[in-house]
Amino acid sequence: MNVSALREWFPILKQQVNGYPLTYLDSAASAQKPVQVIEALKRFYEWDNANVHRGVHTLGSRATEAYEGARANVARFVNAASEAEIVFTRGTTSSINLVATGYARTMCREGDEIVLTPMEHHANLIPWQQAAKATGAILNYIPLQEDGTLSVEDVARTVTSRTKIVAVSHISNVLGAVNPVKRIAEIAHRCGAKLLVDGAQAVAHGKVDVQELDCDFYAFSGHKMCGPTGIGVLYGKRALLSAMEPVEFGGEMIGHVDLREATWKEAPWKFEAGTPIIAGAVGLGAAIDVLEQIGMDAIEKHDLELTAYAVARMKRIEGLTIYGPTEGRIGMVTFNLDGIHPHDLATALDAYGVAVRAGHHCCQPLMRWLGAQATARASFFAYNTEEEVDRLAEGLYRAKAYFAD
Ligand code: PMP
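Here it is as structure tokens:
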């Protein structure tokens, strides 16, 4: 992969920040946008913008084609069996909320179990807490191994015949660990449970094949895969989406409306009430084209190698603790430097042009498990280089020297 050629597509990366070249190491929070996505949005608004599914005029047809074309692109990208299995949402958070409300609340009874892990992002935790409160279901947790990974044996011990739903992240947004979701799907299905995968951190780092994983639901966000903010996806197996209740009601999602009753369209449209996120979907479709042009296998190889390089580089820094597995992680390194609060560390790095995230990363239970109030996190995408990791290391040495004085 030619990273310097690739960086040409990302105009934002060319700037200086605080007098230094921008070193953007916060793609796990939101990835940068290539010119192709920016151009697709511009072209849509300049030429095709209209509402979808109802215009008989030319622009209405073009907008509908662009929107439904993006759905087809997403379906192909994750290898869904049909476009009808792709629901456009606002992002991972709203995708998970849709399942926790539209599916879990109708399927779960008192004493049923919902199985999660302690590493989940709040987006894959709180919706289930709320569903459990509403139905009387019980939340059970697959314990973490010492390095934060999951063991298949623990999954098999935690998922039981009372389990209705298992919800796990594909890749943790703190630990960078890749969870064995295919094996988890097998165990869940053996027990009669459904599996939802939070793919927010996975879709941009390698090929995702929902049929191969055999997950029932897969949730992700456009903005973490070079698409615009405000657009996300819920993949769901067709039969499940058909059985699932909409949670938002209004225009666009209806079949027939009377004064006292109404019927819904088929999935996925019954879940997309109101004017949908048309330009967002068009931008996401363009982002997928870019990712495929780079090649998902090439991206995965690059991101694995760069993360391993960062781990090796950072391990040499005295007083630095890395959280999570040191092998097989992808896309991020989460860490603390002795005696420096991660917010101070992130501020010091920013003064050197290096953008990292600091805080609890929307994973407060995991922070408690790690014994840390907060951590810093450097995260990588295909456009990051070893030189940038070296700059991060240099920034960390500078911060150490500064705070030691
Ligand atoms: N799950 C994981 C693992 C994440 O990293 C994130 C984003 N930080 C989310 C869910 C939520 O994504 P969004 O804010 O785009 O809905």
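Following this note's numbering, the residues of the sequence shown are numbered contiguously, the last one being 405.
Ideal placement from N, C-alpha and C gives every residue a C-beta, glycine not left out.
task = Return the residue from the list L25, V78, I165 that minimises the CA-CA distance to R190.
result = Position 190 of the sequence shown, counted from the first residue, corresponds to residue 190. For the residues L25, V78, I165, the minimum Cα distance to R190 belongs to I165.
Buried or exposed by the 16-neighbour rule on C-beta atoms within 10 Å, applied to V197 = Residue mapping note: residue 197 aligns to position 197 of the sequence shown, counting from 1. Per the 10 Å Cβ criterion, buried.
ask   = Do Q129 and the ligand PMP come close, with the Cβ less than 7 Å from some heavy atom?
value = Counting from one through the sequence shown, the residue named residue 129 turns up at place 129. Outside the cutoff, so no.
key: Supposed contact pair F88 and R71 - C-beta distance, whole angstroms, cut 8 Å   = Here residue 71 refers to the residue found at position 71 of the sequence shown. Here residue 88 refers to the residue found at position 88 of the sequence shown. 7 Å between Cβ atoms; contact.
task = Return the residue from the list G255, D289, F249, E266 that minimises the CA-CA distance to A273.
result = Along the sequence shown, read from residue 1 onward, the residue named residue 273 stands at position 273. Of G255, D289, F249, E266, the residue nearest in Cα terms is F249.
inquiry  = Going by DSSP, what residue range makes up the beta strand (DSSP E) through E113?
reply    = Here residue 113 refers to the residue found at position 113 when the sequence shown is read from its first residue. Looking at the DSSP string, the run of the beta strand (DSSP E) that includes E113 is 113 to 116.
Simplified DSSP state of V87, which is helix, strand or coil = Numbered from its first residue, the sequence shown carries residue 87 at position 87. Three-state result, V87: strand.
query = Taking 7 Å as the cut-off, does the CB of A374 come closer than this to any heavy atom belonging to the ligand PMP?
reply = Here the question's residue 374 lines up with position 374 in the sequence shown. False, no ligand heavy atom lies under 7 Å from that Cβ.
key: Proximity to A137 [Cα-Cα], best of L98, H122, T163   = Here residue 137 refers to the residue found at position 137 of the sequence shown. It is T163.
Any non-hydrogen atom of the ligand PMP within 7 Å of A123 CB = Position 123 of the sequence shown, counting from 1, holds the residue named residue 123. Yes, the ligand PMP has a heavy atom inside 7 Å of this Cβ.
task = Provide the residue(s) that pair with L320 in DSSP beta bridges, ordered along the chain.
result = For the purposes of this step, residue 320 is taken as residue 320 along the sequence shown, with counting starting at 1. DSSP, once it has assigned bridges, lists L337 as partnering L320.
key: the ligand PMP heavy atom lying under 7 Å from the CB of T418   = In the structure as shown, the chain begins at 1 and stops at 405. Residue 418 is therefore absent and cannot be evaluated.
request  = Could you tell me which of W47, R260, E266, T326 sits nearest to A243, measuring between CA atoms?
outcome  = Within the sequence shown, the letter at position 243 stands for residue 243. Residue E266 is the option with its Cα nearest to A243.
message = Can you tell me where the alpha helix (DSSP H) holding V311 begins and where it ends?
response = Working through the sequence shown from its first residue, we reach residue 311 at position 311. Taken as a continuous stretch (DSSP letters only), the alpha helix (DSSP H) holding V311 covers 296 to 315.
ask   = First and last residue of the beta strand (DSSP E) that includes R357?
value = Reading the sequence shown from its first residue, position 357 is the one you call residue 357. Taken as a continuous stretch (DSSP letters only), the beta strand (DSSP E) holding R357 covers 357 to 359.
Enclosing alpha helix (DSSP H) for R190 [first to last residue] = For the purposes of this step, residue 190 is taken as the residue at position 190 of the sequence shown. Counting along the chain, the alpha helix (DSSP H) containing R190 begins and ends at 181 to 190.
ask   = Quick one: is the Cβ of H53 within less than 7 Å of any heavy atom of the ligand PMP?
value = For the purposes of this step, residue 53 is taken as the residue at position 53 of the sequence shown. No, since every heavy atom of the ligand PMP falls outside the 7 Å radius drawn around the Cβ of H53.
ask   = Since N49 contacts A63 with CB under 8 Å, what's their CB separation in whole angstroms?
value = Indexing the sequence shown from 1 puts residue 49 at position 49. Indexing the sequence shown from 1 puts residue 63 at position 63. Sure, about 6 Å apart at Cβ, within 8 Å.
Best match in S379, Y323, F403 for proximity to A412 [C-alpha to C-alpha] = Coverage of the chain is limited to positions 1 through 405, which leaves residue 412 absent and any answer about it impossible.
Supposed contact pair G91 and R329 - C-beta distance, whole angstroms, cut 8 Å = For this step, residue 329 is matched to residue 329 along the sequence shown. For this step, residue 91 is matched to residue 91 along the sequence shown. Rounded, the Cβ-Cβ distance is 24 Å, inconsistent with contact.
ask   = What three-state label does DSSP hand T135 in the structure shown?
value = Position 135 of the sequence shown, counting from 1, holds the residue named residue 135. Helix, per DSSP.
key: alpha helix (DSSP H) segment containing G255, residue limits   = For the purposes of this step, residue 255 is identified with residue 255 of the sequence shown, where counting begins at 1. Here G255 belongs to no alpha helix (DSSP H); instead the beta strand (DSSP E) covers 254 to 257.
request  = Using DSSP bridges, identify the partner residues of G371.
outcome  = Numbered from its first residue, the sequence shown carries residue 371 at position 371. Its beta-bridge partners do not exist; DSSP assigns none.
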